[in-house]
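Student: Once you've had a glance at the structure underneath, I'll fire off some questions.
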Amino acid sequence: QKEVEQDPGPLSVPEGAIVSLNCTYSNSAFQYFMWYRQYSRKGPELLMYTYSSGNKEDGRFTAQVDKSSKYISLFIRDSQPSDSATYLCAMSVEGNQFYFGTGTSLTVIP
Amino acid sequence: DAGVTQSPTHLIKTRGQHVTLRCSPISGHKSVSWYQQVLGQGPQFIFQYYEKEERGRGNFPDRFSARQFPNYSSELNVNALLLGDSALYLCASSRLPSSEQFFGPGTRLTVL
Chain A
26 QKEVEQDPGP LSVPEGAIVS LNCTYSNSAF QYFMWYRQYS RKGPELLMYT YSSGNKEDGR
86 FTAQVDKSSK YISLFIRDSQ PSDSATYLCA MSVEGNQFYF GTGTSLTVIP
Chain B
396 DAGVTQSPTH LIKTRGQHVT LRCSPISGHK SVSWYQQVLG QGPQFIFQYY EKEERGRGNF
456 PDRFSARQFP NYSSELNVNA LLLGDSALYL CASSRLPSSE QFFGPGTRLT VL
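Top line first, the protein sequences correspond to chains A and B. Residue numbers for the first sequence, in my numbering: 26 to 135. Residue numbers for the second sequence, in my numbering: 396 to 507.
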């Protein structure tokens with residue numbers, strides 16, 4: 026079983042839609058969680074960083090962590106064509122070794 | 396402020412050769428992590444260094460080694476290259492090992 030599971034998609038939505046991206050994990054000791062956006066052939070760009078459980082909002086992005094279900098989510102409101110990219114979740118026990126999901130490919134159609 | 400920089404951008408090597416990849420962290424960041432990303436997959440953790448000490452090592456063979464210098468820049472070395480080492484090698488820097496990690500653009504290594 027992989028440490029982190031992420032549906033690869035692809036996910037296609039119309040412009041302005043709310044996008045929900047999810048990851049599940051098996052290690053209950055994970056307590057650091059991050060979401061990245063990666064455009065083709067570029068380095069990942071950090072979107073959200075959370076510690077332990079709860080919600081965090083930054084502009085159009087909201088990250089949720091449900092440790093009881095071992096499930097994290099990223100919501101994108103008012104999605105734009107420029108949001109078309111691959112979204113990666115990452116998590117760690119102590120903040121040193123991060124485990125990444127395989128990424129979800131998102132296309133926002135104008 | 397400059398972001399994380401990596402060199403070279405692209406590299407082509409043949410099997411059995413050795414390669415050195417370089418990374419300069421964001422100013423003020425003392426921790427550097429290295430990841431390997433194969434096409435279609437998420438990054439895989441290779442090493443983390445903090446204050447020149449190794450803080451973590453992923454499941455990679457001993458052909459992979461790294462070090463961090465007093466100015467916090469870092470090198471990743473790979474010996475006896477295999478075709479399967481072809482990937483995007485990413486460097487991420489953070490203030491502390493558990494802080495947010497910011498990635499560089501990566502070095503794309505092709506092994507022929």
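Beta carbons: idealized from backbone N, C-alpha and C, even for Gly.
1. Can you give the Cα-Cα distance for N80(A) and V90(A), rounded to whole angstroms?
2. Report the rounded CA-to-CA distance for S45(A) versus T87(A), giving the unit in angstroms.
3. Kindly identify the DSSP beta-bridge partner or partners of T87(A).
4. If you measure from the beta carbon of P420(B) to each beta carbon in chain A, is any gap under 8 Å?
5. Nearest to P492(B) by CA position, among N474(B), P456(B), F442(B), S481(B), is which residue?
6. M59(A) touches chain B at which residues, Cβ-Cβ below 9 Å?
7. Tell me, please, which residues DSSP counts as bridged to F459(B).
8. Looking at chain B, is there any beta carbon in it that lies within less than 8 Å of the beta carbon of F100(A)?
9. Whole angstroms are fine: how far does the CA of P500(B) sit from the CA of I421(B)?
10. Does DSSP put P39(A) in a helix, a strand or coil?
11. Determine the DSSP secondary structure at S494(B), reduced to helix, strand or coil.
12. Could you spell out the range, first to last residue, of the beta strand (DSSP E) harbouring N52(A)?
Tutor: A quick look at the data gives this:
1. V90(A) has its alpha-carbon roughly 6 Å from the corresponding atom of N80(A).
2. A direct Cα-Cα distance of roughly 10 Å separates S45(A) from T87(A).
3. Beta-bridge analysis with DSSP links T87(A) to E82(A), F100(A).
4. Closer than 8 Å: no.
5. Of the listed residues, the one whose Cα sits closest to P492(B) is F442(B).
6. Neighbours of M59(A) on chain B, chain order: E495, Q496.
7. For F459(B), DSSP records a beta bridge to V473(B).
8. By this cut-off, F100(A) is not an interface position.
9. Going by C-alpha positions, I421(B) is about 13 Å away from P500(B).
10. Assigned with DSSP and collapsed to three states, P39(A) falls in strand.
11. If DSSP states are grouped into helix, strand and coil, S494(B) belongs with coil.
12. In the DSSP assignment, N52(A) falls outside any beta strand (DSSP E), carrying neither H nor E.
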